[in-house]
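Chemist: One structure is given below, represented as structure tokens, and several questions about it will come after.
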Amino acid sequence: MGLEPDVLRGLSVEEARNIHVGIAEYQVARSPHRLLTLGLGSCVGVALYDPVARIGGLAHVMLPDSKQFRSGGKPAKFADLGVAVLVKELQRAGSRNGRMVAKLAGGAQMFFGNNRAMQMAIGERNVEAVRKALKELGIKIAAEDVGGSVGRTISLDTSDGLLTIRTLGQPVRVI
Amino acid sequence: MKISSTKIDILQEIGNIGVGNAATALAHLLQTKVNMRVPRATFLDLKEAITLIGGVEKQVVCVNLRVEGDVPATILYIFDQPSACALVDLLLGQKRGTTTALDEMGYSAVMEIGNIMTGSFTGAIAEMTGLQLVPSVPALAHDMLGAIFATAVAASGYAEDQVLCIQTSFVGMQNQDRMDSHFIMLPEVESLDRLFAALGVVTETQVSGVDCNRM
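Residue numbers (our numbering), protein chains in the order written: chain A, 1 to 175; chain B, 176 to 390.
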């Protein structure tokens, strides 16, 4: 995926950009840019923030465990690989583990009805797997907006670490 | 994942027969004309598939059915909000415009449409191949397309960056009512050999292998 070099330069607030993070992808950026990911359903948006260096990272995780699959693809697709990759990328940009805090959003149950899409409880398992991966790396979770049955679009402001959550038909939340 | 261009053609033809039957069932059910596009079978990454259907944040209603048996697959029917409402009015024999938002009754009507169409789809393929296809009961979601589609793929247990989509759209027309729907079948690629074998396609002599990941 690689970092976009210019989003790691410090810029004035007026130059803040929205950097989109696709499904199963991750990005890191320095203040004042915003990291954005659209349409989280059972997927989990993992936002990491270092308030001292004012560096943020965002991953769009889709599945809990890479070890259940033979062929996987992108590491950020899985909670167990994606969180570690994101942490490493923040460190490379100048952040330190002890300063990073995490915020999570997503992990919803999108389908109702009694079929496999329900029984898999994939959202719940994604959230659990992300929590576990963060705990193993000693990163505290500062806030969460997880579960429920709504899709979420989220945006991490790297100037203050606030995570804005938009859903259809509900007021905007900031955590 | 490799699959020959011949097999892609066969999947498109299977899709054509299956969805053709499903569209006919819908036309009978609603007493209306239904037009459908010729299905395409392609490997798409999630972003491409979502863009094709209407974009990440588009509000949609999606019916999700799992097919088990010899040809495991996930089948999705995706309607935009006005189309879903028009479908409910037609199915319940109500005056156009009666349904403006979907309630429990509306959701259950849309799920029933998915049920009936999938029954026709799997029935046609079973009859043609002699294979067993067992559709599950439907599940439904009403939210952003991106959130729904990624969830359906994850719940199907697909981990590859690209998924095989047999995709088409159909339109039901009655007076000024227009109902657009997308049909998407996500087959388990590893299990498709049984389908090809039943149709007399020999898997071992795959000479003209096309790497569909690069398409």
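We put the CB at the ideal spot given by N, CA and C, even for glycine. Because the structure is a prediction, the values reported are computed rather than measured.
1. According to a CB-to-CB cut-off of less than 8 Å, which residues of the stretch 359-375 of chain B neighbour chain A?
2. Three or more beta-carbon pairs under 8 Å between the stretch 102-115 of chain A and the stretch 142-154 of chain A, yes or no?
3. Taking a contact to mean a Cβ-Cβ separation below 9 Å, would you say alanine 259(B) touches leucine 240(B) in this structure?
4. Can you give, in chain order, each stretch of the alpha helix (DSSP H) that sits fully within the stretch 103-172 of chain A and has at least 4 residues?
5. Any idea if arginine 30(A) is buried or exposed, counting beta-carbon neighbours within 10 angstroms, 16 or more meaning buried?
6. Give me, in chain order, the residues of the same chain whose beta-carbon lies closer than 8 Å to that of arginine 99(A); leave out the 5 immediate sequence neighbours on both sides.
7. Please name the residue, chosen from Lys270(B), Met303(B) and Val238(B), that lies closest to asparagine 191(B) on a Cα-to-Cα basis.
8. Within 9 Å of any Cβ in chain B, is that where the Cβ of asparagine 18(A) sits?
9. If you check the beta carbons only, do isoleucine 139(A) and valine 87(A) fall under 9 Å apart?
10. Just the C-alpha distance for alanine 121(A) and threonine 158(A), rounded to the nearest angstrom, thanks.
11. For a contact meaning CB atoms closer than 9 Å, what does threonine 153(A) contact in chain B?
12. Residues in the same chain with beta-carbon distance under 7 Å from leucine 374(B), minus the five sequence neighbours each way, listed in chain order, please.
13. Does the Cβ of aspartate 368(B) have 16 or more other Cβ atoms within 10 Å, making it buried, or fewer, making it exposed?
14. Count the C-beta pairs between the stretch 353-373 of chain B and the stretch 248-263 of chain B that are closer than 8 Å, then say yes if the count reaches three, no if not.
15. So is glycine 2(A) buried or exposed if we call it buried at 16+ other beta carbons inside 10 Å?
16. Which residue wins for smallest C-alpha separation from glycine 114(A), given the options Ile288(B), Ser311(B), Gln206(B) and Gly289(B)?
17. Between glycine 289(B) and the rest of its own chain, which residues show a CB-CB distance below 7 Å, the 5 nearest in sequence each way excluded?
18. Give the residues of chain B in contact with valine 150(A), contact being defined as C-beta atoms less than 9 Å apart.
19. If we cut at 9 Å on Cβ distances, does alanine 108(A) have a partner in chain B?
20. Measuring only between beta-carbons, confirm whether valine 312(B) sits less than 9 Å from chain A.
21. Please determine, among Val338(B), Met280(B) and Ser344(B), the residue with the shortest C-alpha to C-alpha distance to aspartate 264(B).
22. So what does DSSP say about glutamate 363(B), is it helix, strand or coil?
23. Under 8 Å between beta-carbons, which chain B residues line up against alanine 74(A)? List them in chain order, please.
24. Taking contact to mean 3 or more Cβ pairs, one atom from each stretch, closer than 8 Å, check whether the stretch 209-221 of chain B and the stretch 193-201 of chain B are in contact.
25. How about lysine 132(A): is its C-beta nearer than 9 Å to some C-beta of chain B?
26. Within the 9 Å Cβ cut-off, does methionine 286(B) reach chain A?
27. Going by the DSSP bridge assignment, what does histidine 60(A) pair with across the sheet?
28. Does tyrosine 252(B) come out as helix, strand or coil in the three-state DSSP assignment?
29. Helix, strand or coil for asparagine 388(B), going by three-state DSSP, please let me know.
Modeler: With the structure as the only source:
1. Sequence-ordered contacts of the stretch 359-375 of chain B with chain A are nonexistent [C-beta pairs closer than 8 Å].
2. They touch, by the three-pair rule.
3. Here residue 259(B) refers to the residue found at position 84 of the second sequence. Here residue 240(B) refers to the residue found at position 65 of the second sequence. No; because the gap between Cβ atoms is not below 9 Å, this pair is not in contact.
4. Qualifying alpha helix (DSSP H) stretches, in chain order: 116-119 and 122-136.
5. Here residue 30(A) corresponds to residue number 30 of the first sequence, with the count starting at 1. Burial state of arginine 30(A) is buried, judged by a 10 Å Cβ sphere holding 16 or more other Cβ atoms.
6. What you label residue 99(A) is simply residue 99 of the first sequence in a count that begins at 1. So the qualifying residues of the chain are Asp50, Pro51, Val52 and Ala53.
7. The count along the second sequence starts at 1 and reaches residue 191(B) at position 16. Considering only Lys270(B), Met303(B) and Val238(B), the residue with the shortest C-alpha distance to asparagine 191(B) is Met303(B).
8. Position 18 of the first sequence, counted from the first residue, corresponds to residue 18(A). No, its Cβ sits nowhere closer than 9 Å to a Cβ of chain B.
9. Numbered from 1 along the first sequence, position 139 holds the residue referred to as residue 139(A). Numbered from 1 along the first sequence, position 87 holds the residue referred to as residue 87(A). Taking 9 Å as the cut-off, the beta carbon of isoleucine 139(A) is found closer than this to the beta carbon of valine 87(A).
10. Translated into positions along the first sequence, residue 121(A) becomes position 121. Translated into positions along the first sequence, residue 158(A) becomes position 158. Their Cα atoms are separated by approximately 32 Å.
11. Start at 1 with the first residue of the first sequence, and residue 153(A) comes out as number 153. Listed along the chain, the chain B residues whose CB falls inside 9 Å of the CB of threonine 153(A) are Val231, Glu232, Met319, Gly321 and Ala322.
12. Numbered from its first residue, the second sequence carries residue 374(B) at position 199. If we look at leucine 374(B) and ignore the five residues flanking it on each side, its Cβ neighbours are Ile185 and Thr304.
13. By one-based count along the second sequence, residue 368(B) stands at place 193. It counts as exposed.
14. By the Cβ rule, the stretch 353-373 of chain B counts as touching the stretch 248-263 of chain B, because three or more pairs are nearer than 8 Å.
15. Position 2 of the first sequence holds residue 2(A). Residue placement at glycine 2(A) is poorly supported in this model, since its pLDDT is 44, which falls under 50; the coordinates still yield a value, given next. The residue in question, glycine 2(A), is exposed, as its Cβ has fewer than 16 Cβ neighbours within 10 Å.
16. The residue you call residue 114(A) lines up with position 114 of the first sequence. The sequence given here places asparagine at residue 114(A); glycine does not occur at that position. Of the listed residues, the one whose Cα sits closest to asparagine 114(A) is Ser311(B).
17. The sequence position of residue 289(B) within the second sequence is 114, counting from 1. Take glycine 289(B), set aside five residues on each side of it, and the residues of its chain with a beta-carbon closer than 7 Å to its own are Val238, Leu240, Tyr252 and Pro313, in chain order.
18. As a working note, residue 150(A) is residue 150 in the first sequence. What valine 150(A) touches in chain B: Asp318, Met319 and Ala322.
19. Here the question's residue 108(A) lines up with position 108 in the first sequence. Taking Cβ atoms only, chain B reaches closer than 9 Å to alanine 108(A), which makes this a yes.
20. Position 137 of the second sequence holds residue 312(B). Closer than 9 Å to some Cβ of chain A, the Cβ of valine 312(B) qualifies, so yes.
21. Here residue 264(B) is taken as the residue at index 89 of the second sequence, counted from 1. Minimum Cα distance to aspartate 264(B) is reached at Met280(B).
22. Counting from one through the second sequence, the residue named residue 363(B) turns up at place 188. Glutamate 363(B): coil per DSSP, three-state reduction.
23. For the purposes of this step, residue 74(A) is taken as the residue at position 74 of the first sequence. The question names alanine, but residue 74(A) in the sequence shown is lysine. Against lysine 74(A), the close residues of chain B are Asp336, in the order they occur along the chain (beta-carbon pairs closer than 8 Å).
24. By the C-beta criterion, the stretch 209-221 of chain B is judged to be in contact with the stretch 193-201 of chain B, since at least 3 inter-stretch pairs fall below 8 Å.
25. Working through the first sequence from its first residue, we reach residue 132(A) at position 132. Cβ-Cβ to chain B under 9 Å: no for lysine 132(A).
26. The sequence position of residue 286(B) within the second sequence is 111, counting from 1. Output row for methionine 286(B): interface = yes.
27. As a position in the first sequence, residue 60(A) is number 60, starting the count at 1. Per DSSP, the beta-bridge partners of histidine 60(A) are Gly45(A).
28. Residue mapping note: residue 252(B) aligns to position 77 of the second sequence, counting from 1. DSSP places tyrosine 252(B) in the strand class (E or B) of the three-state scheme.
29. Taking the first residue of the second sequence as position 1, residue 388(B) is located at position 213. Here asparagine 388(B) scores only 43 on pLDDT, less than 50, and its place in the model is too uncertain to base an answer on.
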